Amino acid sequence: MKKKFFPKVIRIILLSMFFIFAIFPLYWIVITSLKPTQEIYSFPIKYWTNNPTLFGYKRLFEFVNFKRYFVNSIFVSLGASFASTIFAMLSGYILSRKEFKWKYSIILFLFFSQMIPTYLIMVPQYTMFSNLNLINKLISLVIIYSGFGAAFSTIMAKGFFDRIPKSIEEAALIDGCNEIQSLFKITIPLMLPGLSAILSFSFVNNWNELFTAVMFLNTSDKYTVPVGLYSIVSKAGVQWNVLGAGIVIALLPTIIVFAISQKYIIAGLTQGSLKD
Amino acid sequence: MKRKKFIFFLLLPTLLLISFIILYPTISGVMLSFKNYSLYNFQNIEWIGFENFKVIFFSDPFYINTIWNTLEWVLFSVFFQLILGFILALLMKEPFKGRGIYAGLVFYPWAISGFAIGLIWSWLLNGQFGVINDILIKIGIIEENISFLSDPSLAMFSVILVNVWYGIPFFAIMILAALQSVPDSLYDAAEIDGAGYFTKLFNITIPYIKPTLINTILLRTIWVMNFPDIIYGMTRGGPAGSTEILAVKMINTVFYESDYSKAAAHGVVIISILFIYTIMYLKLTSKREFSL
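Protein chains in written order, with my numbering: chain A, 12 to 287; chain B, 3 to 294.
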């Protein structure tokens with residue numbers, strides 16, 4: 012019998028403490044979003060509500076047009092995630108399978124592009140896109156998020172491809188497939204778990220992006236969910252059940268995506284490597 | 003020749019896109035920092051050399067403060083994320099019933115937007131109606147409400163606490179994966195020699211997962227330095243500049259001062275610090291390869 016890292020009782024206590032620390036803020040925002048307004052600022056603070064109400068959610072959808080923001084966010088996040096995943100699939104494959112002169116420089120370039128603060132390049136991007144007449148258009152966010160996503164996703168994709176044995180493709184080549192056929196018929200199907208991880212990871216990132224979106228979107232019919240929250244907060248006197256409802260709605264898609272693909276995302280993060 | 007074409011066509015879209023979205027704007031962002039482009043000067047944009055940097059460094063009495071805040075923010079955030087993430091990973095290493103669900107729940111903070119996290123916690127930590135105050139009073143740790151976010155001496159502590167909350171899962175995920183790869187035989191051998199828990203931890207576990215630790219710390223440091231979202235949701239840099247880190251300062255310069263060149267100069271300062279840090283870090287840890 013191997014000795015455990017911690018005695019059992021201490022383990023249970025510590026695991027519970029981490030659990031409460033992680034979960035409590037979520038619990039609190041959900042319960043707040045369901046409280047009637049007078050209970051929010053009442054003393055003593057209520058840890059539970061006996062009169063749950065959807066007032067916060069109703070206001071959110073009636074007065075703030077949150078439905079529009081939600082649809083916009085879905086469009087931008089899904090569009091950009093799919094685009095960057097496809098780019099990453101192709102380039103990750105090459106970086107994993109082929110040897111060529113600039114390979115290591117390209118990998119370094121991808122890595123260093125992670126170091127650039129998004130807000131340094133926000134203003135030049137804004138100028139570029141306004142020259143192309145693409146300001147206040149959701150498509151410009153799709154393009155920008157695809158670019159950010161493509162760099163990191165390529166690194167993740169390379170890691171996944173590295174784990175698929177080369178021999179499988181070599182066998183397909185011997186059987187008469189050409190390289191493109193073997194990529195699409197053999198390797199990519201094997202990559203599907205990896206691709207779904209990359210897709211989910213980008214989706215979470217894109218869904219959460221705030222500052223570029225604030226900069227690029229200036230009419231409320233174009234807002235994404237984070238920009239919507241940002242604008243609610245900027246208005247004075249917002250009620251916490253309304254804002255809480257907004258936060259809960261904003262969290263839902265990422266929590267669902269994360270719950271479904273958590274296993275793969277974790278594998279992708281930890282397997283994706285820049286090692287040659 | 004055919005092979006070269008194949009490589010070229012599959013890599014090209016990604017490289018073009020990244021050049022267009024990141025590389026070119028970075029170069030022009032750096033150039034912007036040497037110009038005088040602002041909302042009040044759209045017409046006569048010209049080179050002004052290091053003027054923006056002079057203004058930043060010498061005319062801003064708070065700048066040294068901001069740099070200090072940034073160091074504090076990065077150092078404490080990464081340190082506590084690492085330590086607590088490590089402990090969580092060690093706890094989760096041995097299988098237990100419901101570990102998958104447990105992982106999903108304790109790791110979820112990592113999937114939330116930084117801005118939303120900032121909002122949630124600014125409500126939790128509210129000085130009047132915040133539940134954290136209520137809990138601390140009920141447990142008997144404090145006697146009256148604390149203004150976590152409006153007291154300049156506590157605000158930085160508060161935003162770091164929240165960033166640690168957000169960052170524990172990432173470290174835990176990476177370290178947990180690395181821990182799974184440590185061969186059991188190493189522990190078995192050590193146990194025969196009578197090694198205790200800490201001996202095993204420091205002589206086997208940590209050396210074995212060192213590459214992961216080194217890479218994760220590097221990556222996190224870069225991300226934390228560039229991450230204004232949580233602070234923006236909580237304090238926007240206030241009160242009295244006490245939580246203003248460089249990244250927040252830059253956002254504020256864009257949104258409130260509309261001085262785009264000055265903002266770019268802040269960005270150049272950030273990149274320079276990160277660049278020096280990365281080179282020194284890689285030298286010290288003598289790593290020539292990165293992995294994520």
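Quick reminder that beta carbons are idealized off the backbone N, C-alpha and C, glycines included.
The structure displayed is predicted, hence computed values, not measured ones.
Counting along the chain, where does the alpha helix (DSSP H) carrying residue i start and finish?
i                : result
LYS46 (chain A)  : That residue, LYS46 (chain A), is in no alpha helix (DSSP H); it is neither H nor E in DSSP.
LYS140 (chain B) : 133–141
PRO63 (chain A)  : From DSSP, PRO63 (chain A) is part of no alpha helix (DSSP H); its letter is neither H nor E.
ALA242 (chain B) : Unbroken run through ALA242 (chain B): none, as it is neither H nor E.
ALA113 (chain B) : Here ALA113 (chain B) belongs to no alpha helix (DSSP H), and DSSP marks it neither H nor E.
GLY187 (chain A) : First-last for GLY187 (chain A): undefined, no H or E at that position.
PHE277 (chain B) : 262–286
ASN147 (chain B) : Run containing ASN147 (chain B): none; DSSP gives neither H nor E here.
LEU89 (chain A)  : 77–108
LYS251 (chain B) : 248–254
PHE109 (chain B) : 101–109
Considering only residues of the same chain and omitting the five flanking positions on each side of residue i, which have a CB-CB separation below 8 Å?
i                : result
ILE51 (chain A)  : THR43, GLN250, TRP251, ASN252
TYR137 (chain A) : ILE146, MET226, PHE227
LYS286 (chain A) : Note that LYS286 (chain A) has pLDDT 38, beneath the 50 cutoff, so the model's placement of it is unreliable and the number below is only indicative. Same-chain partners within the cutoff: there are none.
Under 7 Å Cβ to Cβ from residue i, same chain only, skipping five residues before and after it: list those, please.
i                : result
SER92 (chain A)  : GLY160, LEU210, SER213, PHE214, ASN217
SER296 (chain B) : Residue 296 (chain B) lies beyond the stretch modelled for chain B, which goes from 3 to 294, so this question has no answer here.
VAL268 (chain A) : SER211, PHE214, VAL215
VAL270 (chain B) : VAL32, SER35
ALA91 (chain B)  : ALA174, ILE177, LEU178, LEU181
SER88 (chain A)  : PHE214, ASN217, TRP218
GLY78 (chain B)  : Gly is not the amino acid found at residue 78 (chain B); the sequence shown has Phe there. The answer, listed in chain order, is ILE162.
Which one of the options has the shortest CA to CA distance from residue i?
i                : options                                : result
LYS56 (chain B)  : B:MET236, B:PHE36, B:TYR42, B:PHE81    : B:PHE36
LEU188 (chain B) : B:PHE204, B:ALA179, B:GLY106           : B:PHE204
LEU203 (chain A) : A:LEU45, A:ALA99, A:GLU73, A:TRP113    : A:ALA99
ILE277 (chain A) : A:LEU221, A:ALA208, A:ILE34            : A:ALA208
THR16 (chain B)  : A:MET133, A:PHE172, A:SER102           : A:SER102
SER53 (chain A)  : B:PHE44, B:PHE131, B:THR255            : B:PHE131
GLU246 (chain B) : B:GLU146, B:PRO185, B:PHE159           : B:PHE159
VAL161 (chain B) : B:ILE194, B:GLY116, B:GLY142, B:LEU220 : B:GLY116
ALA179 (chain B) : B:PHE150, B:ILE272, B:LYS212           : B:LYS212
SER107 (chain A) : A:GLU180, A:TYR241, A:PHE35, A:ILE23   : A:GLU180
SER193 (chain A) : A:ALA183, A:LEU201, A:PRO200           : A:ALA183
PHE64 (chain B)  : B:ILE29, B:GLY142, B:SER244, B:LEU18   : B:SER244
THR235 (chain A) : A:ASN83, A:MET28, A:PHE111             : A:ASN83
SER164 (chain A) : A:VAL153, A:ILE97, A:THR48             : A:ILE97
ALA249 (chain B) : B:PRO241, B:ALA242, B:MET236, B:PHE229 : B:PHE229
Counting only Cβ pairs nearer than 7 Å, list the residues of chain A close to residue i.
i                : result
ILE20 (chain B)  : SER124, GLY158, ALA161, ALA162
ILE85 (chain B)  : Simply none; closest approach about 13 Å.
LEU77 (chain B)  : Per Cβ cutoff of 7 Å: no residues; LEU77 (chain B) is ~18 Å from chain A at best.
ASN228 (chain B) : PRO128
TYR262 (chain B) : VAL134
Between residue i and the rest of its own chain, which residues show a CB-CB distance below 6 Å, the 5 nearest in sequence each way excluded?
i                : result
ALA266 (chain B) : GLY31, LEU34, SER35
SER157 (chain A) : ALA91, ALA94, SER95
ILE89 (chain B)  : none
TYR68 (chain A)  : ALA256
ILE21 (chain A)  : none
In chain B, which residues lie with their C-beta within 8 Å of the C-beta of residue i?
i                : result
TRP39 (chain A)  : ILE122, TRP125, LEU126, VAL133
SER102 (chain A) : LEU12, LEU13, PRO15, THR16, LEU17
GLN273 (chain A) : ALA105, GLY106, PHE109
TYR241 (chain A) : PHE117
PHE72 (chain A)  : Ordered by position in chain B, no residue passes the 8 Å Cβ test against PHE72 (chain A), which lies about 18 Å from the chain.
Name, please, each residue of chain B whose Cβ falls closer than 9 Å to the Cβ of residue i.
i               : result
ASN11 (chain A) : No information on residue 11 (chain A) is available, as it lies outside the stretch 12 to 287 that chain A covers here.
GLU50 (chain A) : Near GLU50 (chain A) there are no residues of chain B at all, since even the closest Cβ is about 11 Å away, more than 9 Å.
TRP59 (chain A) : Chain B residues near TRP59 (chain A): none, gap ~12 Å exceeds 9 Å.
For residue i, return the contacting residues in chain A, with the cut-off set at a CB-CB distance below 8 Å.
i                : result
VAL256 (chain B) : TYR130, MET133, VAL134, MET226
ASP136 (chain B) : PRO55, ILE56
MET252 (chain B) : PRO128, TYR130, LEU131
Which bits of chain A does residue i rub up against, with CB to CB less than 9 Å?
i                : result
ASN71 (chain B)  : Within 9 Å Cβ-Cβ: nothing; ASN71 (chain B) doesn't reach chain A, min ~16 Å.
THR28 (chain B)  : SER124, ILE127, LEU131, ILE132, PRO135
ALA2 (chain B)   : The displayed coordinates of chain B run from 3 to 294. Any statement about residue 2 (chain B) would go beyond what the structure contains.
TRP167 (chain B) : PHE32, ALA33, PRO36
Which bits of chain B does residue i rub up against, with CB to CB less than 7 Å?
i                : result
VAL244 (chain A) : LEU121
THR223 (chain A) : Within chain B, no residue comes near THR223 (chain A); the closest Cβ sits about 10 Å away, beyond 7 Å.
ILE105 (chain A) : ILE9, LEU12, LEU13
GLU181 (chain A) : Chain B residues near GLU181 (chain A): none, gap ~15 Å exceeds 7 Å.
PHE269 (chain A) : TYR110, ALA113
Mind checking whether the beta-carbon of residue i lies closer than 7 Å to any heavy atom of the ligand HEM?
i               : result
PHE32 (chain A) : The model on display carries no ligand, and the ligand HEM is accordingly not part of it.
*Please go through the region 21–66 of chain B and give each complete alpha helix (DSSP H) segment of 4 or more residues, from N-terminal end onward.*
26–34, 53–56
*asked:* Please give the ranges of any alpha helix (DSSP H) in the region 157–212 of chain B, keeping only runs that are unbroken, at least 4 residues long and fully inside the region.
replied: 186–194, 199–202
*Taking only runs that begin and end inside the region 111–161 of chain A, name each unbroken alpha helix (DSSP H) of 4 or more residues, in chain order.*
114–124, 129–142
*Please go through the region 215–270 of chain A and give each complete alpha helix (DSSP H) segment of 4 or more residues, from N-terminal end onward.*
222–227, 236–245
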